[in-house]
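This report refers to the structure that appears directly beneath it.
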Amino acid sequence: MFSPSFCPKCGGSDLDHRLPAGDTHERLMCGGCGYIHYVNPKIIAGCIIEQDGKYLLCQRAIPPRPGTWTLPAGFMEGNETTEQAALREVWEETGVRAEIVSPYSIFSVPKISEVYIIFRATALEITGQFGPETLAYQFFAPDEIPWDSIYYPAIRQILERYIEERQAGVYGIYMGNDDSGKIHFIR
1 MFSPSFCPKC GGSDLDHRLP AGDTHERLMC GGCGYIHYVN PKIIAGCIIE
51 QDGKYLLCQR AIPPRPGTWT LPAGFMEGNE TTEQAALREV WEETGVRAEI
101 VSPYSIFSVP KISEVYIIFR ATALEITGQF GPETLAYQFF APDEIPWDSI
151 YYPAIRQILE RYIEERQAGV YGIYMGNDDS GKIHFIR
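In the UniProt record's numbering, the protein residues as written are 1 to 187.
Spelled out as C-alpha cells, the structure:
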C-alpha cells in the first residue's frame, strides 16, 4: 500500500505511526497538523456473464500475469457504485454492455488489502471491441475454459461453483477469504 512521505494536508514531513485518540488501529499521522492517513482496502468489482451456456473471460494484456485468463473485473473508481464499477470494467475489458442480475460472491484478500465483489450479469450488446488491458476475450463452454490459465485461484473457484449451480438452476451468494492461505467460501 502507498504511504505518503509528506502530509497531503500541510506538506509537513513529520508522518509516523500513532494511535489516534478513540481509534483501534495505528494510523500514519502528521505530527504537525494531526492529519490521519487511512490505508483502506481496494475494491475489485466484476461480473460472471453467461450466454447460451458459455462464460465470458478476458485474457490479460498487462501485469500481473499477462496472458492469463480471468473474469472481467477491475478496481472501483471514486464516485461510482460497485455495480457501476463492475459494468464499466466489463465494458472496458471486453466491449460487452451488460446488465447485473444479482450479487454472487464477496471475497477478501487481507494480506494485499483487496476485496473482490463479483456479480451475475447478462450480456446486452457485444461490440467486438475491447480495451488495452485485454489481449482477447471469449465466451467459453465449460469444457473449453482454459482452467490452468485462470489468473487467480479464487476466480477459478468462483467460476467452477457458478457452473455447477447453473447446471442445478440454483444460485447462492457467497463470501470467503484467503487469510489462512486456503480459500474458503461460506454460503
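Think of the CB as a built atom: it goes at the ideal place given N, C-alpha and C, for glycine as much as any other residue.
Checklist entry - What three-state label does DSSP hand Glu-99 in the structure shown? => result strand
Checklist entry - In terms of alpha-carbon separation, which member of Leu-19, Pro-20, Ile-36 lies closest to Ser-5? => result Ile-36
Checklist entry - Residues in its own chain within less than 8 Å of Arg-60 by CB, not counting five upstream and five downstream? => result Pro-66, Gly-67, Thr-68, Trp-69, Thr-70, Glu-133, Thr-134, Leu-135, Tyr-151
Checklist entry - Which residue spans inside the segment 98 to 153 form an unbroken beta strand (DSSP E) run of at least 3? => result 114 to 126, 134 to 140
Item to check | Within the segment 23 to 101, ranges of the alpha helix (DSSP H) (whole runs, at least 4 residues) | outcome: 82 to 94
Next on the checklist: Quick check: Tyr-137 and Leu-57, are their CB atoms within less than 8 Å of each other?
Outcome noted: yes
Item to check | Contacts around Lys-42, its chain only, beta-carbon distance under 7 Å, and the 5 residues preceding and following it disregarded | outcome: Phe-75, Ser-113, Glu-114
Item to check | Rounded C-alpha distance that separates Ala-73 from Arg-27 | outcome: 30 Å
Checklist entry - Whole-angstrom Cβ separation of Ile-49 and Val-109, contact assumed at under 8 Å? => result About 23 Å separates the two Cβ atoms, so there is no contact after all.
Item to check | Bridge-paired residues (DSSP) for Leu-159 | outcome: None; Leu-159 has no bridge partner.
Item to check | Pick from Lys-9, Ser-102, Phe-119 that is closest to Val-90, judged by C-alpha positions | outcome: Phe-119
Checklist entry - When DSSP builds the beta bridges, which residues end up paired with Leu-19? => result Per DSSP, none; premise fails for Leu-19.
Item to check | Residue of Pro-103, Lys-54, Ala-45 minimising C-alpha distance to Glu-92 | outcome: Ala-45
Checklist entry - How long is the line joining the alpha carbons of Ala-154 and Phe-107, rounded to whole angstroms? => result 8 Å
Next on the checklist: Closest to Val-101 by C-alpha separation, out of Lys-54, Gln-157, Tyr-171, would be which residue?
Outcome noted: Tyr-171
Item to check | Cβ-Cβ separation, Cys-47 to Gly-32 (assumed contact under 8 Å), whole Å | outcome: Not confirmed; about 45 Å, so no contact.
Checklist entry - Leaving out five residues before and five after Ile-62 in sequence, what residues of the same chain have Cβ atoms less than 7 Å from its Cβ? => result Glu-133
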